[in-house]
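Using numbering that gives the first Met the number 0, read the sequence shown as starting at 0 and increasing by one per residue.
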Amino acid sequence: MSTPPPAEAVFRTTLWAAGGNNVGIVVPEDVVLGFGRGKRVPVEVTVDGGYTYRTTIASMGGRYLVSFNAATRAATGRDAGDEVEVRLRVDDAPRTVEVPPALAAALAGDPAATAAWGALSPSRQRAHAESVAGATTDETRARRVGKVLAALA
């Protein structure tokens with residue numbers, strides 16, 4: 000009888016400056032492979048026992064990385080060069096994105112755009128949805144919906 004792979008791992012690391020404004024968490028290879036799910040593992044990340052977010056482990060330049068974006072840095076008060084405790088938990092929950100009403104209405108009227116939307120990764124859907132949701136005027140919102148539809152064409 001074999002032992003199932005672990006569903007979570009905890010380790011300490013120093014946040015890595017990936018160049019420009021990019022910061023990441025370098026995930027040890029044995030942690031990634033230990034999950035037994037390949038190299039792109041969906042995870043829930045908890046930093047220093049407090050702030051938690053969802054992402055996917057990526058491979059870049061021979062390293063396994065988890066993004067540590069500007070919003071995460073602001074929420075945790077941590078930045079490149081800081082040492083942190085990281086808890087990674089395999090995240091099997093479905094990746095869903097709340098679609099703003101204006102974008103949902105536009106997609107409902109365009110079956111091809113709806114199909115293209117469904118083919119996007121959750122992170123790409125989220126980027127488009129946040130762009131539309133962040134509009135403060137109807138004019139800006141309509142323009143952003145138009146850009147999303149053009150990108151889906």
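Glycine included, every Cβ here is placed at the ideal spot set by N, Cα and C.
Query                                                                                                                                                                                   : Result
Give the C-beta separation of PRO99 and ALA132 to the nearest angstrom, bearing in mind that I take them to be a contact with Cβ-Cβ under 8 angstroms.                                  : 4 angstroms
Considering only residues of the segment 63-149, which uninterrupted alpha helix (DSSP H) runs meet the minimum length of 4 residues and lie entirely inside it, listed in chain order? : 69-75, 100-107, 110-118, 121-132
For GLU122 and PRO27, I'd like the C-alpha separation in whole angstroms.                                                                                                               : As written in the sequence, residue 122 is Ser, which differs from the Glu given in the question. Approximately 23 angstroms, taken between the alpha carbons.
Relative to the C-alpha of MET59, which candidate in LEU106, ASN68, VAL25 has its C-alpha closest?                                                                                      : VAL25
With 16 as the cutoff for other CB atoms within 10 Å, does THR71 come out buried or exposed?                                                                                            : buried
ALA112: beta carbon under 6 angstroms from a heavy atom of the ligand SAH?                                                                                                              : Summarising the ligand content, the structure contains no ligands, and the ligand SAH is consequently not present.
With which residues is ARG39 paired in a DSSP beta bridge?                                                                                                                              : ARG39 is not bridged to any residue.
Could you have a look at GLY154 and say whether DSSP puts it in helix, strand or coil?                                                                                                  : The structure shown does not extend to residue 154, since the chain is modelled only from 0 through 152, so no value can be given for it.
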